Each structure stands twice: as C-alpha cells, then as structure tokens.
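S.K.:
Numbering (our numbering), first residue to last: 4 to 215.
1. Let's see if you can read the secondary structure: which residues bound the beta strand (DSSP E) around residue 59?
2. Just to confirm my understanding: we take residue 110, look at its own chain, exclude 5 residues before and 5 after, and list those with CB closer than 8 Å. What are they?
3. How is residue 23 classed by DSSP in three states: helix, strand or coil?
4. Under three-state DSSP, which class holds residue 65?
5. Put residue 70 into one of helix, strand or coil per three-state DSSP.
6. Between residue 185 and the rest of its own chain, which residues show a CB-CB distance below 7 Å, the 5 nearest in sequence each way excluded?
7. If you draw a straight line from the alpha carbon of residue 14 to that of residue 28, how long is it in whole angstroms?
8. Once DSSP output is grouped into helix, strand and coil, what is the label at residue 103?
9. Apart from the five residues on each side of it in sequence, which residues of its chain come closer than 7 Å, Cβ to Cβ, to residue 159?
10. Whose C-beta lies closer than 8 Å to the C-beta of residue 212 among residues of the same chain, with five residues either side of it excluded?
11. Is the CB-CB distance between residue 122 and residue 163 below 8 Å?
12. Counting along the chain, where does the beta strand (DSSP E) carrying residue 174 start and finish?
13. Give me, in chain order, the residues of the same chain whose beta-carbon lies closer than 6 Å to that of residue 62; leave out the 5 immediate sequence neighbours on both sides.
14. Run the CB neighbour count on residue 179, radius 10 Å, all protein chains shown included, and call it buried at 16 or more, exposed below.
15. Using three-state DSSP, classify residue 119 as helix, strand or coil.
16. Residue 197: buried (16+ other C-beta within 10 angstroms of its C-beta) or exposed?
17. Whose C-alpha, out of 204, 88, 183, is nearest the C-alpha of residue 161?
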C-alpha cells in the first residue's frame, strides 16, 4: 500500500501484482474512506479497565466501545461533568463523532483542577500535581496535547478514592516553585492561580471571573 504525502496524488504499482494469490495495491489509501472502504479492515476497537493497578480488564464489548470504524482520534475528558472520564472518538472518512459516557458505578470522590500560570505560561503546561490523600500519593502532569488530532479541555481530573476532602495538594509550577494547599474540597472544580495563597472553588461565573 502506498502512503503519498500529497493526499490528491496516486502512486503506480511498484511491480507485478498477483491478484490470484490475494495480492493487491492501493494507489492512494486516503481515497478508501470516500469509497466506503476501511483502512483498518474493520478491526474492532479495544477498551481496557484498570483493575486496582494490578491488571487490565477487556470491557470493549460490555462498554459498546468496540466499534469497527476507522478511528484516529480519541479525547478522554469529563464531558457531562459527573466526575468520570468519558471518551469522544473521531473517525476518518466523514463518519460520526461518537461520545461514550462513563456510567460505571462507584463511590469514589474526585477533584477537577484548573491551573492558571502567571510567571509561568498561562495554561500551566509542564506543571506537576501531587495529591496526598493520607493513604496514597497521586501524581499528574499537565500536558499540552494528549491525542492524535485531538485536544482535551485544559483541566486535570483526578480520582481520589472515598475521602471527604484532600489533606494536602501540592503544585510544582514550570518555574520549579512549589505551592501547597490543605483541606481541598472534592467533587468540584478547584481553580488555582500561580503564586496566590488561596484557591477558588466551583464552576460559577464568579469562579471564572478574571480568567480570560
């Protein structure tokens, strides 16, 4: 199969093709979706569930995420704002964008963090977040891109287990400076501005004020 950089061009066969033996040549694979064909041979997608950090469970069929579209982009984010990570999947060839909502039961709490850099870059890319729950430490890094041709919202969603508040939350900004916050609420959005001693809670217009 050819893979031309120019999506409008076609490449001729490089040699004899024995079609009786099942050989074939695709002059431009970018044209396949337009003809109703699939670049991935209708291979079904796989979704795995992290089982307590010990192994992974195949929940592809159970979740109905085992679609056979020629998917290329996936965004993991909390689209319905219920504290659970959902998946948005895009496919080539003009197929539908699919949203898979996470409806798995659970009692775990979460915190949704929105960081705003001042001395550092505005979206605080390169920051490190450390959540100390009392029984475990959870570390997350803030990245700019997190998928092929896809960008999730500039927020960090962290599951923290069955606790009523976070005893200690630490932020290492891209400048290398650390900040600490105690008794951080859960099951809500927490806004943190670089260098400010206090955080803001909630997703109201007041909480968003002053954040372009």
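All C-beta atoms in this analysis are idealised placements derived from N, C-alpha and C, irrespective of residue type, glycine included.
None of these values were measured; they are calculated from a predicted model.
M.R.: Inspection of the coordinates gives the following:
1. 58–61
2. 165
3. helix
4. helix
5. coil
6. 170, 171
7. 9 Å
8. strand
9. 116, 132, 143, 145
10. Note that residue 212 scores a pLDDT of 49, beneath 50, so its modelled location is shaky; the value from the coordinates is reported in the next line. Taken in chain order, the list of residues that qualify is empty.
11. no
12. 168–175
13. 50, 52
14. exposed
15. strand
16. buried
17. 88
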